[in-house]
Each structure stands twice: as structure tokens, then as C-alpha cells.
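K.L.:
Protein sequence lines, in the order shown, are assigned to chains X, F and L. 583 is the number that my numbering gives to position 309 of the first sequence; each next residue is one higher, with no gaps. 229 is the number that my numbering gives to position 224 of the second sequence; each next residue is one higher, with no gaps. 744 is the number that my numbering gives to position 404 of the third sequence; each next residue is one higher, with no gaps.
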Amino acid sequence: MSSQDIPEENLPAEHAGQPGAVSVADEKDPFADPGLPPHEHRIQDIDEQAAKRSERTVALLFTLSMLATVGFIAAFVAIPHDRSIFVFPIGHVSALNFALGLTLGAALFCIGAGAVHWARTLMSDAEIADERHPIEASPEVREKVHADFKQGAKESVLGRRKLIRNTMFGALTLVPLSGVVLLRDLGPLPESKLRHTLWKNGTLLVNMNTNEPLRPSDVAVGSLTFAKPEGLEEHDEEFQTEIAKAALMIVRIQPDNIKDRRELEWSHEGIVAYSKICTHVGCPISLYEQQTHHVLCPCHQSTFDLSDGARVIFGPAGHALPQLRIGVSDEGYLQALGDFAEPVGPAFWERG
Amino acid sequence: MKKLSARRRHPLAAVVVLLFALAATGGLYAAFAPAGKAQADETAQSLTIEEGKRLYSVGCASCHGTGGQGSSDGPSLVGVGAAAVDFQVGTGRMPAATSQGAQVPKKKNIYTQAEIDQLAAYIASLGAGPEVPTKAQYGPEGADIAKGGDLFRTNCAQCHNFTGKGGALTKGKFAPNLEGVDPKHIYEAMQTGPQNMPSFPDTTLSEKNKKDIIAYLDAVNSSDTENPGGLSLGGLGPVSEGLFAWIFGLGALVAVAVWVAARTAKAKRS
Amino acid sequence: MSTASNQEARSRGKAPAGERVADWADGRLGIYSLAKANMRKIFPDHWSFMLGEVCLYSFIIIILTGVYLTLFFHPSMNEVEYHGSYVPLQGQLMSEAFSSTLHISFDVRGGLLVRQIHHWAALIFLAGMFVHMMRVFFTGAFRKPREINWLFGFLLFVLGMFTGFTGYSLPDDLLSGTGVRFMEGAILSVPIVGTYLSFFLFGGEFPGHDFVARFYSVHILLLPGIMLGLVVGHLILVFYHKHTQFAGPGKTEKNVVGMPLLPVYMAKAGGFFFLVFGVIAAIAAVAQINPIWAIGPYRADQVSTGAQPDWYMGFAEGLIRFMPGWEINLWGHTLVLGVFIPLVAFPLVLAAIAVYPFIESWITGDKSEHHILDRPRNAPTRTAFGVAWITIYMITLVGGGNDLWATHLHLSINAVTWFVRIFFFAGPVIAFLVTKRICLGLQRRDREKVLHGRETGIIKRLPHGEFIEVHEPLSQEQLHTLTAHHQYEPAEVGPTVDENGVERKVKGSEKLRAKLSDAYYGEDAQIPKPTVEEYKEITSGHGHH
Chain X
275 MSSQDIPEEN LPAEHAGQPG AVSVADEKDP FADPGLPPHE HRIQDIDEQA AKRSERTVAL
335 LFTLSMLATV GFIAAFVAIP HDRSIFVFPI GHVSALNFAL GLTLGAALFC IGAGAVHWAR
395 TLMSDAEIAD ERHPIEASPE VREKVHADFK QGAKESVLGR RKLIRNTMFG ALTLVPLSGV
455 VLLRDLGPLP ESKLRHTLWK NGTLLVNMNT NEPLRPSDVA VGSLTFAKPE GLEEHDEEFQ
515 TEIAKAALMI VRIQPDNIKD RRELEWSHEG IVAYSKICTH VGCPISLYEQ QTHHVLCPCH
575 QSTFDLSDGA RVIFGPAGHA LPQLRIGVSD EGYLQALGDF AEPVGPAFWE RG
Chain F
6 MKKLSARRRH PLAAVVVLLF ALAATGGLYA AFAPAGKAQA DETAQSLTIE EGKRLYSVGC
66 ASCHGTGGQG SSDGPSLVGV GAAAVDFQVG TGRMPAATSQ GAQVPKKKNI YTQAEIDQLA
126 AYIASLGAGP EVPTKAQYGP EGADIAKGGD LFRTNCAQCH NFTGKGGALT KGKFAPNLEG
186 VDPKHIYEAM QTGPQNMPSF PDTTLSEKNK KDIIAYLDAV NSSDTENPGG LSLGGLGPVS
246 EGLFAWIFGL GALVAVAVWV AARTAKAKRS
Chain L
341 MSTASNQEAR SRGKAPAGER VADWADGRLG IYSLAKANMR KIFPDHWSFM LGEVCLYSFI
401 IIILTGVYLT LFFHPSMNEV EYHGSYVPLQ GQLMSEAFSS TLHISFDVRG GLLVRQIHHW
461 AALIFLAGMF VHMMRVFFTG AFRKPREINW LFGFLLFVLG MFTGFTGYSL PDDLLSGTGV
521 RFMEGAILSV PIVGTYLSFF LFGGEFPGHD FVARFYSVHI LLLPGIMLGL VVGHLILVFY
581 HKHTQFAGPG KTEKNVVGMP LLPVYMAKAG GFFFLVFGVI AAIAAVAQIN PIWAIGPYRA
641 DQVSTGAQPD WYMGFAEGLI RFMPGWEINL WGHTLVLGVF IPLVAFPLVL AAIAVYPFIE
701 SWITGDKSEH HILDRPRNAP TRTAFGVAWI TIYMITLVGG GNDLWATHLH LSINAVTWFV
761 RIFFFAGPVI AFLVTKRICL GLQRRDREKV LHGRETGIIK RLPHGEFIEV HEPLSQEQLH
821 TLTAHHQYEP AEVGPTVDEN GVERKVKGSE KLRAKLSDAY YGEDAQIPKP TVEEYKEITS
881 GHGHH
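#1: State yes or no: is the beta carbon of residue 325 (chain X) nearer than 8 Å to at least one beta carbon in chain L?
#2: Specify the secondary structure class of residue 597 (chain X) as computed by DSSP and reduced to three states.
#3: Between the C-alpha atoms of residue 727 (chain L) and residue 583 (chain L), what's the straight-line distance to the nearest angstrom?
#4: Which runs of the alpha helix (DSSP H) spanning at least 4 residues fall entirely within the region 154-188 of chain F, listed in chain order?
#5: Can you pull out the residues from the region 759-773 of chain L whose beta carbon lies closer than 9 Å to at least one beta carbon of chain X?
#6: Just reading off the beta strand (DSSP E) that residue 807 (chain L) is part of, what are its end residues?
#7: Whose C-beta lies closer than 7 Å to the C-beta of residue 614 (chain X) among residues of the same chain, with five residues either side of it excluded?
#8: Determine, for residue 565 (chain X), whether the minimum Cβ-Cβ distance to residues of chain F falls below 8 Å.
#9: Any idea which residues DSSP pairs residue 522 (chain X) with across the strands?
#10: Can you give me the C-alpha to C-alpha distance between residue 445 (chain X) and residue 374 (chain L), rounded to a whole angstrom?
#11: Going by C-alpha to C-alpha distance, which of L:506, L:409 and L:367 sits closest to residue 453 (chain L)?
#12: Compare the C-beta of residue 494 (chain X) with all C-beta atoms of chain F and state if any pair is closer than 8 Å.
#13: Give the interface partners of residue 229 (chain F) over in chain X, defined as CB-CB distance under 7 Å, in chain order.
#14: Mind checking whether the beta-carbon of residue 533 (chain L) lies closer than 7 Å to any heavy atom of the ligand HEM?
#15: Looking at the C-beta of residue 402 (chain X), does it have a partner C-beta in chain F at a distance below 8 Å?
#16: Using a beta-carbon distance cut-off of less than 9 Å, what residues from the region 232-245 of chain F approach chain X?
#17: Thinking C-alpha only, which one of L:787, L:714, L:514 and L:617 is nearest residue 870 (chain L)?
#18: List, from N- to C-terminal side, the alpha helix (DSSP H) runs of 4 residues or more that fit wholly inside the region 187-223 of chain F.
#19: Among all the DSSP beta bridges, which residues are the ones paired with residue 599 (chain L)?
#20: Are the C-beta of residue 607 (chain X) and some C-beta of chain F separated by less than 8 Å?
#21: Kindly indicate the opening and closing residues of the alpha helix (DSSP H) around residue 542 (chain L).
#22: Going by C-alpha distance, which of F:60, F:188 and F:80 is nearest residue 69 (chain F)?
#23: Does DSSP put residue 674 (chain L) in a helix, in a strand, or in coil?
#24: If I measure Cβ to Cβ from residue 40 (chain F) and keep anything under 8 Å in the same chain, skipping five residues before and after, which residues do I get?
#25: Taking Cβ positions, are residue 612 (chain X) and residue 542 (chain X) nearer each other than 8 Å?
#26: Note down the Cα distance separating residue 778 (chain L) from residue 827 (chain L), rounded to an integer number of angstroms.
#27: Can you list, in chain order, the residues of the region 698-730 of chain L whose Cβ is nearer than 8 Å to any Cβ on chain X?
#28: So what's residue 40 (chain F) in DSSP terms, helix, strand or just coil?
#29: Which residues in chain X sit within 9 Å of residue 172 (chain F), going by Cβ to Cβ distance?
#30: Taking CB distances under 8 Å as the criterion, tell me whether residue 498 (chain X) reaches chain F.
#31: Might you give, ordered along the chain, the residues of its own chain that have their beta carbon closer than 7 Å to the beta carbon of residue 393 (chain L), omitting 5 neighbours on each side?
#32: Can a CB atom of chain X be found closer than 8 Å to the CB of residue 743 (chain L)?
#33: Roughly how far, in whole angstroms, is the beta-carbon of residue 479 (chain L) from the beta-carbon of residue 714 (chain L), given that I think they are within contact range, below 8 Å?
#34: With a CB to CB cut of under 7 Å and the five nearest residues on each side skipped, what residues in its chain are close to residue 519 (chain L)?
#35: Counting along the chain, where does the beta strand (DSSP E) carrying residue 78 (chain F) start and finish?
#36: List the endpoints of the continuous alpha helix (DSSP H) containing residue 732 (chain L).
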């Protein structure tokens, strides 16, 4: 409605050469500032037809937005939430998500596009220069503030009454301690919790997949098996915390290929059980390459050699994976012969 | 030097030519062979093994030795079983062009299934090993997809990614993308542990477990898998999402900003 | 302002309703004096000035969608069995946090869309802040009086990173859980107090039953609360300082040239909000983000390859990936350098860019206000430093995705890691030197352009047969724009002898400053602007070419 009178108000080029902008050439600034260039008119400023076209475009965009919102509501009501459609080239997607997203996107985008088009073509585009004022206060103000402050400080007698000052600072320093103390019960103290797992002498190695105890004959050379301690079930309250320490990775290596003496000693006929928890920052590590016996961590690429005491051969881990000493129970099942000899998982200060 | 001469002795081209010739012979043989229906099983079996042995001596023996005993260029095949042959040859990994490189990639298979079966029969005759699974074993009927997902995340995702998109191993090796891989081959891979992949024998990952895993993969990593949110961006997670946000998200917004801030066309110089 | 006339108008009942409401509000809030200063406030137009708005708007979008998500999300780690609509997880054990996120994605109509808008907007928010920060850096907009606002912005970027991290960890999925485990490992590496910090954060051993609820309160309350305060402060300062502008005719340090807030900028900025929201909504319609159903619930003994954080944490991931595994065991204690050094390097990398403005202002010793922006080429050392910093950032980002680079470019992961190890140090040096060269080259070209005019591409044959290219002299506007930048003189160490002839001690910092200043503004570090004499000599001597 106001598109007709907008050009009128900015027809004269009075904004040209805002005074004060022009400077004089000097050593530092060899080419003087000629000042703001004169304002030039847009097509819409002089051609009423063009302005009308702009107005219609803006109105169309706003109307499209309204239609899109109607579409959004219609889609919300009409499309079942489990309907899947094929959209080329995206693939099989949720019809509801696709419809809602596009209608919402269109509704919003059209409002924005309309407003911007309106601003760009119909609102005045005359550039205006606004003066800046220095941020620093004038010397008088500065003096006044300093004087006021001194006056206030003097009246508080804080400088003279040292006892008040010192005890106040003391009190203010101490009071946040209550807050710090309150945080104490966020968690228990570490004690030796990180040093122990559920493994102990006689605990059977239970296959993660079948939930059955493992026999040596189950584990073939070149195979990879994951095990948990007997008695730990997925439904247990502390399952996550316990499996985070106790998870085992079991492989079988030809005894001749085991380079580390202790590893061989702690194995059973070439079956070795290593902690599945990386010694770097604790990712479950198990990218086992059966020909090289290397095991790679998917998180930070620490690489361990399972045929050589799981020592680190690449990457950021600082020490070998802990090995669990295993043997065979009377019933012929694989069993642990004790807990890990060292803490599993990431290193920490008290680890030693 | 040895490898060089070995390669010169059996360039792939010659193998391919020979195989075509063999395939033609086999085809002719099949066409003209007496269709004696009630032939004794044993005879058929030994014939198959014979055929397999012939194929073997042409395509495989130069690396794996004339009797499958292995050489410096290829491991022994005694006891690897029919499943390993079916996987390796069926996915085109064998015969390999060279034993060098980080790992032997998948490529176009040049044998017919009948020839693969013959090769497999021959290798199986060298020593007992896992057999080629039947459709009942790897088919999706009666599988528990959710259990398969859990098993996949425990046993497979560490190398093959959450939904089997593949991932990196050490020194240029990699775990391949599992999309579009024949369920039979997935089953055989678990069974036999090809190349650096560890095996997951039935004793530790039961037949049912394998079926579940295959059904899970079929649900989450096939061309028909639904990605409700839209483009899956390769299923690679935050890296591809981040690239998308930068290129298309921020890119689009900068383009819009350029439009918003640009000067409108002036009338004067028209 | 006169109350009398207002009352008069009111009593006559003739003033329009809007005006009456405004009068009412002014009597209580003093809005007129606020509006007087701000209603026609001038904002210069440049696309790069809208990058900050991208951030502001995506932040608002994140808050709006985030509030919606809290209505459905259960921040609990209680174990539940899933029985919702997503078949491949039927009957699986998972935390309530995970199952409620599945519920939002599959059973709440539009829930997936809002989740995706929230997450996409977060990625774009951080990307926008990064680019916005670089725009401010390379144009020198951080100089006095805007140093504090630079710090506000920097804090927003850092807090945004942690808000993002705590946010994407909430669904308790296998990917984010792996990230949380990484964080726990990093905390454990802190000497002396690491284990205690970890136990207090997780309420015991990892993962425990608490961290989702704790991250939730940090993610939706603590961090966004601080950020909201900083955003408001940031905006108030932008208004108070008035926007910077590029050099050009009519643009001085004492004015700001552009369009008024009402109506042009209000329409443009307001419209831009809808444009940003619209684009992000459309992205959320077509591109899937963080499909936790495909990732699966967190289990401490499960993992997937390709375990990366969202992009803004990627450089931290890179730092930790290329670090060698150093570990020192002494007197029964372990110093986990392999993790602790990256943990310390993480804030240091960020701090390097944050403190730069203060270092530069110390070197220049410039105490005046700057409102005219530098073109990056005219501050070669600053630009080179910025590019070097981006290079470090990008190299570590590559390191953070080393496995994907390896698989997609058919490289060895070890080779990629070694590349990152070497170029973490070599990359920024190379980038610094090359950038500085390029800047000086561009300065030389500007000088040529001023002295000889613009190359028109028109070849003319002179009467005696010589071919020349016609150069068109620049207009006064262009000449001014190209020479408006300020060039510093290198600072020198003051006289070593005071007025009484007593030798004074020259402080080390003074010498350092002189040295740095020479590196910044010495002969090899900037091309002198053409002088009027040079210009006159050339234009009068050779005529126009």
C-alpha cells in the first residue's frame, strides 16, 4: 500500500556527499576521501510498474508461506508417522518428516524472502551516515567519577577500619567453600575400585554371543571371541560398570607364534585372553587382524600386537593391554586364574 | 625377484583366456554329456573333484602349490573348506592378481557357480573344513533382527561400522562395506575368516547367531533400508554430517546472506 | 517529550492506539529515549556482516527446538526393554534416555524433524561462529574498542562446543557413549586429581547411572544460561560500538554508513531469521543426522569404527589421535602424557587465537579506536598468523578423521597419522610464509593499480608501431579506497640514554616488542602506499596508459 510514496521520499539526491565525510589528502592518506557518492535510483524508485511487480512478488511470497503452513498442518494430520516413501535421489525416507520439513522450511523461507525482497526493492536504499562518538568519557566526567568514588570510599571508612576490611574479605573468601563441600557427594572416592574387576580365580569365561561357558575346543586358531565373567548378566544393575572393566577378547594363536614368554605362560594351548578395553582412553578395542595378530582401536588407532604381549606398536596408547591368566576348570571349561594383574583401561595417576 | 618371475609365469590375461576356453569346454561337455540320471553319487562326486582339480591347477596352483600345500605366495588350502573357496572365488577375490598390496580387493568373479562348486569340492577333498552354507542357514526366515543387531555391534561393528559401511584397519587394510554382499558370502566370511578377518566358527557364534546378523544387515544396510531422516550421508556419522553442515548448510546461508546484503540493481546505467 | 501535550492528546482521544500504547510504556520504561538512539541506528551492508546473525538465529532455533525436545526426553539411565516402533531394536535393553530419543524419532509426529533441526542447527551454529570469528579476525574488527566483545564471542564458541558435546551425549547411544568414555579417559589422565574428578563427574565408576542426568542439566540449563547472557552482552556491545565498515568513499573512523534499523535493517535482519530457519528446516527434511537407531544403545563393551565426535570437537579428536603414546611411571605414579598433552593442547590451540588481539595491540602500541576494517592483505602478518592457525585447526581436523581419509582415499591409516604428525608442525609455518607472500603480492598489485590504473584488456597500436595495453585511471573513489589503510611504522627501542646522560636498562620485553614490530611493519612486511608525487609523476609523464 505504501509502495507508491516510498520513491517520492528519496527522490532527491540530498544524501549525496554527506558533509564531514570529505577529508584532505596528506602524507598518510594520499588520495583524499571524495565523500559519499550520490544516491542512485533503483528501477523500482522511478518505474511504478517495476515497483508494482515487486509488491506482487512480496505478496506472492507471503501467500506461499501461508499455503505452506496449511500444508504443514495437513501433512501433520494426514500422514501416518510410520509411512515410508521413496524420494529420488534421497532414498527411502519417512514421509511425515519429509513433508513436515519441506513445508515448514518453505513457510519460513518465504516469509524471509518476502521481507528481504521488500526491503531491497521498495524501502529506501539511501545510505545514511551516522556520527560516531568517542567511547571514552570527557576528562570532566572522568574527574567527577574518580572524585565520587574517592568520596564514597572515604565515607565507607573501609580504608581506616582495617579490622572490618580483613574480616569481611575473610568471610567472603570462606563462604564459597560451603558450595565446594556440598559437591563432595557427587561420587564416591576412587579407592581401589579401578584396580579390580569381577574376574577371580575359578571364574568361567562366558561367551558373549551364546551366554555359554567356553571350552578350549570352541576357540579355533584365527577366530575372535568376546567373553564376560560367569554370573554377570545384561539385566544386572551394575552390568555396564562391570563389563566396562571385565570385557575380554579371546583369540587363539599357534603357541610357536607367541613371542612373549609370559603371554604363553598365561595362555591355555595358545588361547590368550586380553582386556577388551583400550589402555589409551578406554574404547572397547577389538579390530583383530588374524594374520598379523595386530589389534587396532577404532577410536584413536592405537595398535597392539597380540602375539607379543599386546605391546603397543602404533598410536597414542601408553602401555600394553592387560592379559588375563587363564586355565581349564575340572569340567573342561576355560576359567580365569585370578584377576588382572594390573588395572584395565586408561591409565591414571595412582596406577603406578 | 621370485615374485616377479612368478608373475611373469602366470599373467592374469593368460589365466582369463584359459578360463574362457575351459568354460567353453565345460559348457560343451555339459551340453553333450549323456544325461544319465541315476548315476552313482560317488562317481559324480569324484568327477566334480577331478574338474575342480583341473580348474585349480590352472587358476590357483601357481600361488597355493600344486596340491594346495601353499607357497610363499599363498597360504595352504588344506582344511580351509568349501565355504572358504566359495567366498574367495565367489566374491572375485581369488584368483588374486598379485600377492602384494595391503589386501586382496573384491572384484568381478570370473567363474560360474558350477566351476566354483567344483573347485570347492576339490579343496574340501584335501582336508575337512566348513561347508558351503545352505539357504536355510543364511536365509532371513525365523531370524531375530534385534538380537542380530546386538551381535553385530559386539562382533562386527568395530571393523565394519554400525551398519556395515566398512572402516579402516592398519597399514592400508580395510574392512569392506557390506552393502549388497550376498548373504551366503557374509555367512562364509564369518565361518572362515578370510584374509585378516578373524573367523567366528559355530562353536562361538552359533548358526542361529549368524542368521540373526545377516537378517540385521539386510534390515539396516541394503538399498531398501529406510533412512527416515533423509540422506544417510554414507552412514559414516559425524564426519560426513559435519562436511554436509559446512558445505550445504553454511554454504546455503552464506549464499542467502550475499543476496540479502547485495545492492539492488540501479536504474541509471541501463 | 512534553507530558502536557501527551495528556492533551490523550484527553482528546485522537492519538492512534499504537501511539497511546507507546506513550503508556514510555511513562513506565522510558522506551522513547532508548528508541531515539536506536530506532534509526545505521547498519552497513556486507554479506560477511551477516555471519554473526547466522549464529544468533541458529542459537534461537536451537533454544526453541531444544525446549520442545525436553518435553519428550527422559534424562535417565534406567535400563528398559524397548518395545516401540523401530523393529531392529525390539526387545533390546537400553537406557530410558535412548528409548525416549527413539520415541521422539519414531512415535512423536514431527519429533524427528525437530530433533534433526536441533542437531543441524547446532552444527551450523558452531560453523557459523567459526566463520564469523575468522571474519572478525581477518578484517581486524577485534581492535579497540571491541576487544571485550571478541572475548565474549570466543567464550560463546568454546561454550558452544561443550554445550554441543553434552547435548549429543544425552541419547546415550553407542557413538556418543564412546565419546563420553573418551572424555572419562582424558579426565583420568589429569595428574593427582584425575581419578577423583572422574568419580565425582560420573557418580562413581564409568559409566554409572548419573551422567546423562548431569549432562542434561549442564546442557539445558547451565551452559545455555551462560551463553544467553553472553549473547545479550555481545549484542549490546555491537549496538553500543556501532558496526565496523570497510574503507570507501565517505566512510571514516568517525561515522558509520549504511541503512537504518527501521525499516530496512529490521526487514533484512528479521527476514534473515526466517531464511536461516527455513534453510535449516529444509536441510532437516532431506538429510538425516545422528540416526541413533542405526547406531544402537550404548554398551561399554561395544564399539564401532568411525567413532568421531561432531565436527567442532574434531580437532580435539585429531590432537589425541596423532599423539605418540608417552607414559611416565615414577615413584608409583603414572603421568599419562599421551592423553594429558592433547588435553592441555586443546585449550592452548583455542587460546592462541583468543589472545592474539592483545598481542597485536601490544606490538602496535596503538591506543586509538578502529572502526574501518582492514583488508586482510593490508595486515600481512596478522593474516598469515590467522591462516597458520586455521591450518593447524584443519590439520588436526584431518587427524580426527584419519580412518575415513584412509578408507576413502585408499591410504594407510598409519601414513595419514604420520602426515598429521609432521604437518601439525610444518603446516602452519608453510602457511604463514606463503600467506605473507601472497598478501605482499596483492599489496604490490594494489599499488600498481593506483599508479597505473586498471588494465582494460584493450590493446592499442601507437603510431610508431608499438603495442600497448590501455590502462584506465581509477576514479578518486577507487584511489581513496585502495590507499585508505593505515600503515604503522616499526616501533623502536627508545633512547638507551635518558636526558641526564644516564644509561638506562633496556627491558627484554621492549626489545622483543621492537623485534616483533619490525617483523610486522618493517621493510619486508609491507609495501609502502604510493605517494601523491609518485602518482603525479607517472600520470603526467606518460599520459594515460
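No residue lacks a Cβ here, since even glycine has one placed at the ideal position from N, Cα and C. Note that the structure is a prediction, hence the values are computed from the model and not measured.
P.N.:
Here's the rundown:
#1: no
#2: strand
#3: 24 Å
#4: 162-165
#5: none
#6: 807-812
#7: 471, 473, 549, 596 and 598
#8: yes
#9: X:501 and X:549
#10: 41 Å
#11: L:409
#12: yes
#13: 366
#14: Absence of the ligand HEM from the depicted structure is noted, as is the absence of any ligand whatsoever, leaving it without description.
#15: no
#16: 232, 233, 234, 235, 236 and 237
#17: L:787
#18: 188-197
#19: L:383
#20: no
#21: 534-542
#22: F:80
#23: strand
#24: Because the pLDDT of residue 40 (chain F) is 49, which lies under 50, any placement of that residue in the model is unreliable, and the question is left without a value.
#25: no
#26: 18 Å
#27: 709 and 711
#28: Note that residue 40 (chain F) scores a pLDDT of 49, beneath 50, so its modelled location is shaky; the value from the coordinates is reported in the next line. Reduced to three states, the DSSP call for residue 40 (chain F) is coil.
#29: 561 and 572
#30: yes
#31: 609 and 612
#32: yes
#33: 6 Å
#34: 509 and 649
#35: Note, residue 78 (chain F): premise wrong, no beta strand (DSSP E); not H, not E.
#36: 720-740
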